[in-house]
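Please read the structure below before turning to the comments.
2 protein chains.
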Amino acid sequence: MNLYDIQQQWLASPRRVIGMMSGTSLDGIDICFAEFSIKDGRHHYSIIEKALYSYTLEERDILSRLLQDTISIEEVSHANSEITALHFSYLQRFLEEKGVNPLQCDLLSVHGQTVWHSPPKDGEDIGHTLQLLSIPALAALTNIKTIGDFRSADMALGGQGAPLVPIFDAEFLYSSQKDTIAVNIGGMANITIIPKDKDQQIMAFDTGPGNILIDLAMKRFFGKQYDENGVFAREGRRLERLWKNLCELEYITQKPPKSTGRELFNATLLQDILEVSFVNTFPGEDIVRTITDFTAWSIAENIRLFGHPESRILITGGGAHNATILSGLYKELPNAEFFSPQEIGFDADIKEALCFAYLGWRSLGGLPGNIPSVTGAKKEVILGSVSP
Amino acid sequence: MNLYDIQQQWLASPRRVIGMMSGTSLDGIDICFAEFSIKDGRHHYSIIEKALYSYTLEERDILSRLLQDTISIEEVSHANSEITALHFSYLQRFLEEKGVNPLQCDLLSVHGQTVWHSPPKDGEDIGHTLQLLSIPALAALTNIKTIGDFRSADMALGGQGAPLVPIFDAEFLYSSQKDTIAVNIGGMANITIIPKDKDQQIMAFDTGPGNILIDLAMKRFFGKQYDENGVFAREGRRLERLWKNLCELEYITQKPPKSTGRELFNATLLQDILEVSFVNTFPGEDIVRTITDFTAWSIAENIRLFGHPESRILITGGGAHNATILSGLYKELPNAEFFSPQEIGFDADIKEALCFAYLGWRSLGGLPGNIPSVTGAKKEVILGSVSP
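Line by line, the protein sequences are chains A and B.
Residue numbering for the first sequence follows our numbering, starting at 1 and increasing by one per position.
Residue numbering for the second sequence follows our numbering, starting at 1001 and increasing by one per position.
Below, the structure written as structure tokens:
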């Protein structure tokens, strides 16, 4: 069997792919239905339908329990099945609401629910990652060819398994005028630096927390899931001692490649920092404001340290709707040229789902999905696992 | 892309597949390198190389810890990576020792380490199962196309996800003269009943424990991993009260479809039964003998209840080397016609690894791998997930 022919056949016609992304912030599942094609040697996408679904409180609780406590292997197995069922049910809702016929879909590309991610540490050859979701089960339920488990091949080759979005950025956001920086603010925040000079390596890494610390503080002080539009933060003022403690977190200024997650930025870290600062006497708004300012600062500081502060900057992810994060970034990077995702054809929120649709499309076409200079893997590799 | 053409292309030439099986008994990894082809509409296999590797005590301990204790999600993620690395290292050893060039291998087909398996219970739509091993990681390490995770598609369709060996038995063991029964004695014991009358449905199910209770007793009373050739059992005599307690275990006479595993037959069950019988005063040999007799009886009882005791019977798996189990079966089923796996071209021990190689070969050819009358799934489905 000539695998190369099959891959060429896949790339030769436009393909319709559904991307499903469920992030570490456990807020829900984003779905993007897009068509990919190649014209004059360049890749093209067009978004056909999209939706952002929020988990119910009950669904969030199930997932949170899984991420925080010591559990039995039975519960892990059960969660794997539940997460698959959850994806199936949101996918069915999407197909119905958008009037999409599953027979029109060439591929379903799913990220799966990350429940653990440990990049390789000093002295270790490889890290490990676990995305729960059964690919054969989802394919059997949907009758759509399904791909997932995108991070483990890169990690097996010594990579961090993240970030994977940069290959999308490199293909679709490049400018020959200025360096371009794509910032994505999800649970964690990550950036991709795409140099205008094609000889320079693309860099991409997690800058630190995205919405996660803000969300945790909102839950603790206001019983809310997140700070809508950043209005709570806007009402508060910065607490200098808390600010200082946050800015001293080592991860932020650490040199890339680097990636992080809930194993570092979590309720325990917040608790530790809050206790140290004796801030229980201050209003919650001040704490949310300080954390929000810190989040913006940590992204900007990474851009100043490892990129050019005069770059073109695109901000996506849930955090793109937090006006207080945005104004923090504008202040921190006064000479940058900010542009909106709408200008290049997609909504801020849908980027990751679109990227994973793109990664799935690449894998079926035999194209590698990782960038070794970004993940640290020893070579390029075709990502994921496909059923049937 | 015409998937059907690709599958036909796969089936049109002989394909060389490595099957890797690591069973619930945690004894090691069996590897079988075989060629599959189609001639006159019938499937054919020939075994090129094979090896049975035992885990070191350290490797066993790592796996046992994972299966017994409450653990953190980090440990599960780490185990997933460790099990992948373990498969990679045994595969490398196999390729070297046997002088097999990985470029000669069309496919690597791996079962993965089952750490949990809950078939659907009354009132539940679906069960869940978890085989640890990262398929994309193993493919990236080996540079061989890799398939695994064979059980979850069947379970998503309401099946028990087991047994999967019957499709091999149905294809290769059928006789028009007599019903054929394939017995496999691994950690658990399972049988496939292939009626001589092709209109009758194939049945297959776990009869109960295979070697697991014997192994647990050997460990407890003699500090050994298993009862080699059944010599400890041969020295003992049956303890009637323990025998009675064992034979009363509900699972044995329960009607199929049924499947079981370590969630029922484990150290806790053995402990419970031993305490009830106050057998601490008897020699370990008597206990091992009683459990061995019970194991043979439980297989024979299932054959009497749900098949014909005059069938052709093939015994495979590690338990086929336990002379005390075998003589128990000969006594329990005096009118059966026993035949050896050597007569049909393979060793008793290698059958499961060969079967999973066959299942992988079927999936790449677009052929379903489950038998709905056996697993209870609502339809046939192509099993597994493939990288890259």
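Where a beta carbon is used, it is the ideal one built from N, C-alpha and C, also for glycine.
Keep in mind that this is a model prediction, so the values were computed, not measured.
Check whether the Cβ of residue i lies closer than 8 Å to any Cβ atom in chain E.
i                 : result
Leu-63 of chain A : Protein chains in the displayed structure are A and B, and chain E is not among them.
Would you say residue i reaches chain A, if we count a Cβ-Cβ gap shorter than 8 Å as a contact?
i                   : result
Met-1155 of chain B : yes
Ala-1217 of chain B : no
Ala-1162 of chain B : no
Ala-1140 of chain B : yes
Trp-1361 of chain B : no
Gly-1392 of chain B : For residue 1392 of chain B there is no data in the structure shown, the boundaries of chain B being 1001 and 1388.
Ser-1081 of chain B : yes
Leu-1066 of chain B : yes
Thr-980 of chain B  : Not covered by the structure: residue 980 of chain B. The range shown for chain B is 1001 to 1388.
So that I know if they touch, is there some Cβ in chain B lying closer than 8 Å to that of residue i?
i                  : result
Val-381 of chain A : yes
His-87 of chain A  : no
Pro-136 of chain A : yes
Asn-302 of chain A : no
Ser-72 of chain A  : yes
Gly-365 of chain A : no
Ile-18 of chain A  : no
Pro-119 of chain A : no
Asn-211 of chain A : no
Gly-284 of chain A : no
His-78 of chain A  : yes
Asp-149 of chain A : yes
Pro-14 of chain A  : no
Pro-388 of chain A : yes
His-187 of chain A : According to the sequence provided, residue 187 of chain A is Gly. The question's His does not apply to it. For Gly-187 of chain A, the answer is no, since every Cβ of chain B falls outside 8 Å of its Cβ.
Val-165 of chain A : no
Gly-384 of chain A : yes
Ile-126 of chain A : yes
Val-183 of chain A : no
Ile-38 of chain A  : no
Taking only the alpha-carbon atoms, compute the straight-line gap between residue i and residue j and give it to the nearest angstrom.
i                   : j                   : result
Thr-1290 of chain B : Asp-1227 of chain B : 13 Å
Leu-1157 of chain B : Asp-40 of chain A   : 43 Å
Phe-1172 of chain B : Ala-1357 of chain B : 14 Å
Thr-281 of chain A  : Pro-14 of chain A   : 59 Å
Pro-1136 of chain B : Ile-1202 of chain B : 34 Å
Pro-372 of chain A  : Asp-199 of chain A  : 15 Å
Glu-1310 of chain B : Leu-367 of chain A  : 57 Å
Tyr-55 of chain A   : Ala-353 of chain A  : 16 Å
Ser-1240 of chain B : Tyr-1174 of chain B : Note that residue 1240 of chain B is Glu in the sequence shown, not Ser. Cα to Cα, Glu-1240 of chain B sits roughly 38 Å from Tyr-1174 of chain B.
Phe-1306 of chain B : Trp-1297 of chain B : 14 Å
Ile-126 of chain A  : Phe-1339 of chain B : 48 Å
Asp-293 of chain A  : Pro-283 of chain A  : 16 Å
His-43 of chain A   : Gln-8 of chain A    : 14 Å
Arg-65 of chain A   : Glu-263 of chain A  : 15 Å
Leu-3 of chain A    : Val-1386 of chain B : 13 Å
Leu-274 of chain A  : Thr-268 of chain A  : 10 Å
Pro-1388 of chain B : Ser-1327 of chain B : 47 Å
Thr-192 of chain A  : Thr-1070 of chain B : 39 Å
Met-1188 of chain B : Asn-1266 of chain B : 11 Å
Met-1 of chain A    : Ala-12 of chain A   : Low confidence applies to Met-1 of chain A: its pLDDT is 49, below 50, so where it sits in the model is not reliable, and the reading given next is rough at best. Rounded to whole angstroms, Met-1 of chain A to Ala-12 of chain A spans 18 Å at the Cα level.
Phe-36 of chain A   : Gln-92 of chain A   : 22 Å
Which one of the options has the shortest CA to CA distance from residue i?
i                   : options                                           : result
Leu-132 of chain A  : A:Leu-95, A:Leu-164, A:Pro-166 and A:Ala-85       : A:Ala-85
Gly-360 of chain A  : A:Asp-197, A:Val-17 and A:Gly-345                 : A:Val-17
Ile-1062 of chain B : B:Leu-1130, B:Val-1115 and B:Thr-1142             : B:Val-1115
Tyr-1090 of chain B : B:Val-1076, B:Leu-1138, B:His-1043 and B:Leu-1107 : B:Leu-1138
Gly-210 of chain A  : A:Thr-295, A:Gly-127 and A:Ala-170                : A:Thr-295
Thr-1024 of chain B : B:Gly-1345, B:Val-1288 and B:Ile-1212             : B:Ile-1212
Pro-1120 of chain B : B:Asn-1266, B:Gly-1318, B:Pro-1256 and B:Leu-1364 : B:Pro-1256
Asn-1143 of chain B : A:Leu-383, A:Ser-387 and A:Ala-300                : A:Leu-383
Leu-1141 of chain B : A:Leu-57, A:Lys-145, A:Met-155 and A:Leu-141      : A:Met-155
Ile-395 of chain A  : A:Glu-235, A:Asp-272, A:Phe-205 and A:Thr-129     : There is no way to answer for residue 395 of chain A, as the model of chain A reaches only from 1 to 388.
Ser-22 of chain A   : A:Pro-341, A:Gly-317 and A:Pro-388                : A:Gly-317
Gln-1104 of chain B : B:Val-1076, B:Ser-1176, B:Phe-1088 and B:Lys-1145 : B:Lys-1145
With a threshold of 8 Å, are at least 3 pairs of Cβ atoms found where one atom belongs to the region 211 to 223 of chain A and the other to the region 44 to 52 of chain A? no
Count the CB pairs spanning the region 1139 to 1154 of chain B and the region 162 to 171 of chain A that are closer than 8 Å, and state whether there are at least three. no
Length at least 4, wholly inside the region 1327 to 1376 of chain B: the alpha helix (DSSP H) runs in chain order: 1351 to 1364 and 1372 to 1375
If we require 3 or more residues per run, which beta strand (DSSP E) segments fall completely within the region 40 to 83 of chain A? 42 to 54
Validate contact between the region 1371 to 1380 of chain B and the region 1346 to 1353 of chain B using beta carbons, cut 8 Å, 3 pairs: no
Could you give the uninterrupted runs of the alpha helix (DSSP H) lying entirely in the region 162 to 190 of chain A, keeping only those of 4 residues or more? Uninterrupted alpha helix (DSSP H) stretches at least 4 residues long and entirely within the region 162 to 190 of chain A occur at 166 to 172, given in chain order.
If you scan the region 233 to 318 of chain A from start to end, which runs of the alpha helix (DSSP H) of 4 or more residues do you find wholly inside it? 240 to 247, 250 to 253, 267 to 277 and 284 to 306
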